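**Student:** Below: one structure in structure tokens.
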Amino acid sequence: DVKVTQSSRYLVKRTGEKVFLECVQDMDHENMFWYRQDPGLGLRLIYFSYDVKMKEKGDIPEGYSVSREKKERFSLILESASTNQTSMYLCASSLYAPSEATNEKLFFGSGTQLSVL
Amino acid sequence: AQSVTQLDSQVPVFEEAPVELRCNYSSSVSVYLFWYVQYPNQGLQLLLKYLSGSTLVKGINGFEAEFNKSQTSFHLRKPSVHISDTAEYFCAVSVVNTGFQKLVFGTGTRLLVSP
Numbered sequence: 223d224v225k226v227t228q229s230s231r232y233l234v235k236r237t238g239e240k241v242f243l244e245c246v247q248d249m250d251h252e253n254m255f256w257y258r259q260d261p262g263l264g265l266r267l268i269y270f271s272y273d274v275k276m277k278e279k280g281d282i283p284e285g286y287s288v289s290r291e292k293k294e295r296f297s298l299i300l301e302s303a304s305t306n307q308t309s310m311y312l313c314a315s316s317l318y319a320p321s322e323a324t325n326e327k328l329f330f331g332s333g334t335q336l337s338v339l
Numbered sequence: 030a031q032s033v034t035q036l037d038s039q040v041p042v043f044e045e046a047p048v049e050l051r052c053n054y055s056s057s058v059s060v061y062l063f064w065y066v067q068y069p070n071q072g073l074q075l076l077l078k079y080l081s082g083s084t085l086v087k088g089i090n091g092f093e094a095e096f097n098k099s100q101t102s103f104h105l106r107k108p109s110v111h112i113s114d115t116a117e118y119f120c121a122v123s124v125v126n127t128g129f130q131k132l133v134f135g136t137g138t139r140l141l142v143s144p
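This is the structure in structure tokens:
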């Protein structure tokens, strides 16, 4: 089965630090996604990538950037962490878009709980 | 743009009782509908999905959902829950023939199953 691995389960950082969240998938998927999960708000898309070095903004990209130098790895970067970026961050991947033909689905990592103090 | 409403933030239920988790969506065009489950300290996994065809969709772990176009609903049901079903459940919608980047999630419903 597909495995999406997020490097850290818990991270504690200080305000103003540069933070890297790493995600690796092992199934040669084209598409990778970074979500933020907050209580009462569900999941919100930060960025996604549909190919190496290609990226597009999601619904809440402010304060974040991403990097995809290799197909299997998608990094989320907080240039200067702030307390309002304390959250659970989820990475996901897929090979195709959803459709009756592909029967595709999203595969999620187990998440990184980031606390910014 | 499409949207999803999960009216119940938390649903407590006793073991072996039936449960229904409600999901309503809004869209002016045809949609795909999904239910995801998140067990404690884990990522999300797909429970079931409606893409086309039969409006009654069966998923993993004995869950099923019915797509009701006239009521714009996709409620999740299980006839008899187990303690292990305690988790957060997310309904999600995307417009047909768009990518997962257009997937919109609801705010989640926490199912609490007690003995």
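Top line first, the protein sequences correspond to chains D and R.
Start counting the first sequence at 223; every next residue gets the next number (the working numbering).
Start counting the second sequence at 30; every next residue gets the next number (the working numbering).
For every residue, glycine included, the Cβ atom is placed at its ideal position computed from N, Cα and C.
From a predicted model like this one, the values you see are computed outputs, not experimental measurements.
1. Taking C-alpha atoms, which residue in R:64, R:124 and R:109 lies nearest to residue 103 (chain R)?
2. Rounding to the nearest angstrom, what Cα-Cα distance links residue 280 (chain D) and residue 140 (chain R) in this structure?
3. Can you tell me the Cα-Cα spacing of residue 230 (chain D) and residue 60 (chain R), whole angstroms?
4. Just curious, the beta strand (DSSP E) that residue 324 (chain D) is in, first and last residue?
5. Report buried or exposed for residue 136 (chain R), applying the criterion of at least 16 other Cβ atoms within 10 angstroms of its Cβ.
6. If I follow the unbroken beta strand (DSSP E) through residue 104 (chain R), where does it start and stop?
7. Pick helix, strand or coil for residue 91 (chain R), following the three-state DSSP scheme.
8. Starting from the Cα of residue 16 (chain R), find the closest Cα among R:71, R:95, R:70 and R:75 and give me that residue.
9. Checking contacts by CB at 9 angstroms: is residue 134 (chain R) closer than that to chain D?
10. Are the C-beta of residue 233 (chain D) and some C-beta of chain R separated by less than 9 angstroms?
11. From the DSSP output, which residues share a beta bridge with residue 49 (chain R)?
12. If you draw a straight line from the C-alpha of residue 114 (chain R) to the C-alpha of residue 68 (chain R), how long is it?
13. Does residue 125 (chain R) get closer than 9 angstroms to chain D when you measure Cβ to Cβ?
14. Have a look at D:273, D:328, D:321 and D:243 and flag the residue whose alpha-carbon is nearest the alpha-carbon of residue 293 (chain D).
15. One question on the structure: do residue 100 (chain R) and residue 70 (chain R) come within less than 9 angstroms of each other, judged by their Cβ atoms?
16. Which one or two residues does DSSP pair with residue 61 (chain R) in a beta bridge?
17. Using three-state DSSP, classify residue 306 (chain D) as helix, strand or coil.
18. Rounding to the nearest angstrom, what Cα-Cα distance links residue 310 (chain D) and residue 300 (chain D) in this structure?
19. Is residue 293 (chain D) close to chain R, meaning its C-beta is less than 9 angstroms from at least one C-beta of that chain?
20. Taking the straight line between their C-alpha atoms, what separation do you get for residue 233 (chain D) and residue 264 (chain D)?
**Tutor:** Put simply:
1. R:64
2. 29 angstroms
3. 35 angstroms
4. Taken as a continuous stretch (DSSP letters only), residue 324 (chain D) belongs to no beta strand (DSSP E), as it is neither H nor E.
5. buried
6. 102-107
7. helix
8. Look at the range of chain R in this structure, 30 to 144, and you will see that residue 16 (chain R) is not part of it.
9. yes
10. no
11. R:106
12. 8 angstroms
13. yes
14. D:273
15. no
16. R:123
17. helix
18. 14 angstroms
19. no
20. 21 angstroms
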